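**Q**
Numbering (the numbering used here), first residue to last: 4 to 143.
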């Protein structure tokens, strides 16, 4: 807990608007990705084709959609950012692995890798000073 407080203090002292815009863009991107998966469920099922025979493989489909929807909104507003990102990391690692197990699509691999790197950054950085977390903390 002390480590998280020290990370939050450092992040609040080094808050810049471009990082807040990046966090907001990440949240919107994940939310829109969830919408795309809902609108084209067949493409999501095709993505999970390489792991469909693994026990619990189809459970991932039911995990990805709510995690992208709810996590995207939470990340965009900066509310429970670290928890939302922790929910996204297994999805992004799976997206990278699916590219190696199944048919490699360079653009999907690049997008998943960049998104994972940004998520890892915000996992340590937190939501920053211009976020709902900071606002609610100041209201106490």
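For each residue, glycine too, the CB sits at the ideal point set by N, CA and C. Computed from a predicted structure; not experimentally measured.
Candidates 25, 49 and 9: which alpha carbon is nearest residue 120's?
**A** As a working mapping, residue 120 is identified with position 117 in the chain shown. Cα-wise, what sits closest to residue 120 is 25.
**Q** Whose CA, out of 64, 102, 75 and 83, lies closest to the CA of residue 127?
**A** By one-based count along the chain shown, residue 127 stands at place 124. Ranking the options by Cα distance to residue 127, first place goes to 83.
**Q** Rank 9, 63 and 55 by C-alpha distance to the C-alpha of residue 95 and give the top, closest one.
**A** Counting from one through the chain shown, the residue named residue 95 turns up at place 92. Of 9, 63 and 55, the residue nearest in Cα terms is 63.
**Q** Just tell me which of 47, 114, 59 and 134 has its CA closest to the CA of residue 68.
**A** If you number the chain shown from 1, residue 68 lands on position 65. Here the closest residue by C-alpha is 47.
**Q** Could you give the DSSP three-state label for residue 52: helix, strand or coil?
**A** Your numbering for residue 52 matches position 49 in the chain shown. Note: residue 52 maps to helix in three-state DSSP.
**Q** Quick check for students: name the residue ranges of the beta strand (DSSP E) that lie wholly in the stretch 58-135, counting only runs of 3 or more.
**A** Those beta strand (DSSP E) runs which fall completely within the stretch 58-135 and span 3+ residues do not exist here.
**Q** As a quick exercise: from 81, 56 and 104, pick the residue whose alpha carbon is nearest that of residue 138.
**A** In the chain shown, residue 138 corresponds to position 135, counting from 1. Ranking the options by Cα distance to residue 138, first place goes to 81.
**Q** What's the gap between the Cα of residue 93 and the Cα of residue 30?
**A** Numbered from its first residue, the chain shown carries residue 93 at position 90. Numbered from its first residue, the chain shown carries residue 30 at position 27. Straight-line Cα distance between these residues: approximately 16 Å.
**Q** Return helix, strand or coil for residue 43, following the three-state DSSP convention.
**A** Sequence index remark: in the chain shown, residue 43 carries index 40 (1-based). Coil, per DSSP.
**Q** Please classify residue 55 as buried or exposed, where buried requires at least 16 neighbouring CB atoms within 10 angstroms.
**A** As a first step, residue 55 must be located in the chain shown, where it is residue number 52. Counting Cβ neighbours within 10 Å, residue 55 comes out exposed, since fewer than 16 surround it.
**Q** Tell me, to the nearest whole angstrom, how far the beta carbon of residue 34 is from that of residue 88; I am working on the premise that it is less than 8 Å.
**A** Residue mapping note: residue 34 aligns to position 31 of the chain shown, counting from 1. Residue mapping note: residue 88 aligns to position 85 of the chain shown, counting from 1. Between residue 88 and residue 34 the Cβ distance is about 14 Å, and since that is not below 8 Å, they are no contact.
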